[in-house]
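This report concerns only the one structure given below.
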Amino acid sequence: MPGGAYSTELLRLYKVALSTVKCYAASTNYDLKIVDVFNDKRVAKSCIHKSIYFRKHCAVAAYLNETDWMMVMDADTGVVNPNHCIEEYIDERVNMVFYERFFNWEIMSGNYLGAFLETIYPRSTQEYKNCQAIWFQSKGYDTYMPFVACVRIYLGAVRLWPGKLRLLRRAHGMARDWYHTGDAWCEVDFMIHGWKANKIGENGWQSPFTAVPDPSKCGAHYDGWSWRPEKRVSVSTIREMLQQAERSSADAVPKKYMTIPFYSQPDIANCYPECEKGSSAV
110 MPGGAYSTEL
120 LRLYKVALST
130 VKCYAASTNY
140 DLKIVDVFND
150 KRVAKSCIHK
160 SIYFRKHCAV
170 AAYLNETDWM
180 MVMDADTGVV
190 NPNHCIEEYI
200 DERVNMVFYE
210 RFFNWEIMSG
220 NYLGAFLETI
230 YPRSTQEYKN
240 CQAIWFQSKG
250 YDTYMPFVAC
260 VRIYLGAVRL
270 WPGKLRLLRR
280 AHGMARDWYH
290 TGDAWCEVDF
300 MIHGWKANKI
310 GENGWQSPFT
320 AVPDPSKCGA
330 HYDGWSWRPE
340 KRVSVSTIRE
350 MLQQAERSSA
360 DAVPKKYMTI
370 PFYSQPDIAN
380 CYPECEKGSS
390 AV
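Counting from 110, one number per residue, gives the positions in the sequence shown under my numbering.
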């Protein structure tokens, strides 16, 4: 089941992305569920969060028991290539599948796959508390990046936690950010994140399409899809674009407030002598 948890305003602003998702759903046997997180009755009953970011995840939890797997999507994520299935990204060894964002190694929280489950990560661990402390101190992107670094340092190089989650490498997930390749895409792409537009041509955005996909015409064939032929390129062309983006990503990460949690955050001071109680071996 592909699902989006949005506000009504986002649905109005991101018509292009939503139209591609509806077009894709019309050609599959997936159930598409669009949830207004601030007006949906089930969400209102289950979720107290004011921030749309946290309320969205709570909304997912409220509906997750209706399906085995759900692909959660941001409102500005659209389908560029319908020749892919959600099952390609499902890993039955885990309950959650995330992917890295390309430009800053952030774990993408807007688009992910989730299965019906209980708890993945114990809130009682000191590592969780350390990163949370950095999160609450952040006031913008520059001070947010130390939180990203904190999480990634504690996770280490591991990408698979059986029974818990899997983290897909940059540009290997179900979606990727659009701006590293412009509007170009290749056969291995499925979804693109960042289509913040209500119509093609808005603010100079050309898009991969000549017209907004029409869900009423979509079905088993390519009716309803109007691609720009020049925007579909080879895998090698996309690889070259991503190589350039990879070289520039590290240099662009703000380093002024960057810290190493081993040195800046407590390890045993706040939990001794029971620090190991919140830890478990993978």
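C-beta atoms are modelled at their ideal positions from N, C-alpha and C, and glycine is treated no differently.
Endpoints, beta strand (DSSP E) assigned at T186: 186-188
Identity of the residue in I161, M217, L141, V321 nearest M283 by Cα: M217
M394: first and last residue of the uninterrupted alpha helix (DSSP H) it sits in: The structure shown does not extend to residue 394, since the chain is modelled only from 110 through 391, so no value can be given for it.
Classification of A258 by the beta-carbon crowding that lies within 10 angstroms, buried from 16 upward: buried
Best match in S136, Y237, I243, N192 for proximity to T368 [C-alpha to C-alpha]: I243
Sheet register partners of V130 (DSSP bridge): Answer by DSSP bridge pairing: none, since V130 is not bridged.
Boundaries (first-last residue) of the beta strand (DSSP E) holding I143: 142-145
Same chain, Cβ closer than 8 Å to T252, neighbours up to 5 away in sequence not counted: Q246, Y366
Extent of the continuous beta strand (DSSP E) to which D332 belongs: D332 -> no beta strand (DSSP E), and no H or E assigned at all.
Beta-bridge pairing of L277 - partner residues as DSSP gives them: Y208
I161 (DSSP reduced to helix, strand or coil): helix
Distance CB(L274)-CB(F207) smaller than 9 Å: yes
Nearest-angstrom Cβ-Cβ length linking D292 and P322, presumed shorter than 8 Å: The pair is not a contact, with the Cβ atoms about 14 Å apart (cut-off 8 Å).
Short Cβ contact (9 Å threshold) for V130 with G223: no
Alpha helix (DSSP H) runs wholly inside the region 311-372, at least 4 long, in chain order: 344-361
Cβ-Cβ separation, K326 to G333 (assumed contact under 8 Å), whole Å: 4 Å
Length of the line joining the Cα atoms of A306 and K154: 31 Å
Own chain, CB closer than 6 Å to R151, minus 5 neighbours either side, in chain order: A171
Contact check, P271 vs R164, beta carbons under 9 Å: no
Close beta carbons around W314, own chain, < 7 Å, minus the five adjacent residues each side: A306
Own chain partners of G219 with C-beta closer than 6 Å, once the 5 adjacent residues on each side are dropped: D183
Proximity to T83 [Cα-Cα], best of C240, I309, D298: Nothing about residue 83 can be reported from this structure: the residues present for the chain run from 110 to 391 only.
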